[in-house]
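First the structure, in the form of structure tokens, and then the observations on it.
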Amino acid sequence: MENNNNQSHQLLHSYCFRPIVRFETQGVNEQVILILRAHPITQLQWVINTFIIIILLVVLNYIFPSFFSLRQIIYINIFGVAFILSYIWFNFLSWFFNVGIITSERIIDVDFHNVIYKEVTATKLDKVEDVTSKTGGYFQSFFDYGNVFIQTAGTEANIEFMNVPKPSDVSRVIHDLIGG
Amino acid sequence: MEIQNLPTFNTQEIIAIVFKILAIIFSAFYLIYAFVISKQTEVMNKALEAKNNSVFFIISSAQITIGLILIILAIVLV
Chain G
0 MENNNNQSHQ LLHSYCFRPI VRFETQGVNE QVILILRAHP ITQLQWVINT FIIIILLVVL
60 NYIFPSFFSL RQIIYINIFG VAFILSYIWF NFLSWFFNVG IITSERIIDV DFHNVIYKEV
120 TATKLDKVED VTSKTGGYFQ SFFDYGNVFI QTAGTEANIE FMNVPKPSDV SRVIHDLIGG
Chain R
0 MEIQNLPTFN TQEIIAIVFK ILAIIFSAFY LIYAFVISKQ TEVMNKALEA KNNSVFFIIS
60 SAQITIGLIL IILAIVLV
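Protein chains in written order, with numbering that gives the first Met the number 0: chain G, 0 to 179; chain R, 0 to 77.
Below, the structure written as structure tokens:
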């Protein structure tokens, strides 16, 4: 459990308590309490895909000489490396900038769908009606990550934080802020 | 009337020409992708200003540079 005043960056910056960040619509006196990202273990799929693509490129290098000249093989390898690095970068950006932000005044969900489409959902703390945290399955229990659903009053948009670390702690932080 | 000999290509030359065309096209696509991601990284950095945001700018610029290098290589090397 983090000290109430100290910064804390845990789990590869997927659970950041009182981080030194600013976001676009932040108010003058608004303080960032918690920044949440998807648990790093949920990124395993694209990490594994990266290794598979690297192995594929190495294997293809044994087949290429039958069909292509040396210059062509060099170009294919350079392009392959560029593609792999771009794949890593794309997935990292997608993970890093899809954040949930809890401040002293609001709860904000910033989503970049496929990096290109931006969706920002925000709600004031006094509009929060109910906070539910869910953890299910072996992986989620073992690595302690899950979903946090924030229900708001009336026609305000509900907010969901998917696959975030320590969903119970997140729920507790929100309850502490709304005085519940 | 003599029929002039038409130029003939062997298989290797055809593969080389097709490869060069595809290499230029894919490199151009990669460059466009790099520009889009660079622009989108700016939007993302604006949405969330972290401590080391300059690193994102450097990597995005490097990606564009790699795209330019790929196009040049496709034209010159291949």
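For every residue, glycine included, the Cβ atom is placed at its ideal position computed from N, Cα and C. Source: prediction; values computed, not measured.
- Val75 of chain R places its beta carbon 8 Å or farther from that of Lys19 of chain R.
- At least one CB of chain G lies nearer than 8 Å to the CB of Leu72 of chain R.
- Inter-segment contact for the stretch 72-79 of chain G and the stretch 36-45 of chain G is absent: fewer than three beta-carbon pairs are separated by less than 8 Å.
- The Cβ neighbour count for Asn5 of chain G, taken over all protein chains shown within 10 Å, is under 16; the residue is labelled exposed.
- Per DSSP, the unbroken alpha helix (DSSP H) holding Val75 of chain R starts and ends at 52-75.
- Here Ser103 of chain G carries a coil assignment [DSSP, helix/strand/coil].
- Judged by DSSP secondary structure, Asn162 of chain G falls within the beta strand (DSSP E) whose first and last residues are 158-164.
- For Glu23 of chain G, the C-beta contacts it makes with chain R under 7 Å involve Lys45, Ala46, in order along the chain.
- Counting only runs that start and end inside the stretch 11-63 of chain G, the alpha helix (DSSP H) elements of at least 4 residues fall at 43-62.
- Here the stretch 36-47 of chain R lies against the stretch 57-76 of chain R, with 3 or more beta-carbon pairs under 8 Å apart.
- Within chain G, the residues whose beta carbon sits less than 7 Å from that of Val42 of chain R are Lys117, listed in sequence order.
- The Cβ atoms of Ile70 of chain R and Ala15 of chain R do not sit closer than 8 Å to each other.
- Ser59 of chain R and Leu92 of chain G have their C-alpha atoms roughly 11 Å apart.
- About 26 Å separates the beta carbon of Ile149 of chain G from that of Ile115 of chain G, a gap too long to meet the 8 Å contact definition.
- In this structure, Thr120 of chain G keeps its C-beta atom at 8 Å or more from the C-beta atom of Gln30 of chain G.
- For Gln139 of chain G, no beta strand (DSSP E) run applies; the uninterrupted alpha helix (DSSP H) run containing it begins and ends at 137-142, by DSSP.
- Less than 8 Å separates the beta-carbon of Pro166 of chain G from that of Ser132 of chain G.
- Taking the Cα positions, Ile100 of chain G is about 35 Å away from Val80 of chain G.
- Of the residues assessed, Asp108 of chain G falls on the buried side of the cut-off, its CB having 16 or more other CB atoms within 10 angstroms.
- Here Val54 of chain R is exposed, its C-beta having fewer than 16 other C-beta atoms within 10 Å.
- In the three-state reduction of the DSSP assignment, Phe18 of chain R falls in the helix class.
- Taking 8 Å as the upper bound for CB-CB distance, Arg105 of chain G and Lys117 of chain G are not in contact here, some 17 Å apart.
- For the 8 Å CB-CB criterion, Val147 of chain G and Val127 of chain G do not form a contact.
- Between Ile19 of chain G and chain R, the shortest Cβ-Cβ separation is below 8 Å.
- In this structure, Trp45 of chain G and Asn113 of chain G do not form a Cβ contact; the two beta carbons are roughly 13 Å apart against a cut-off of 8 Å.
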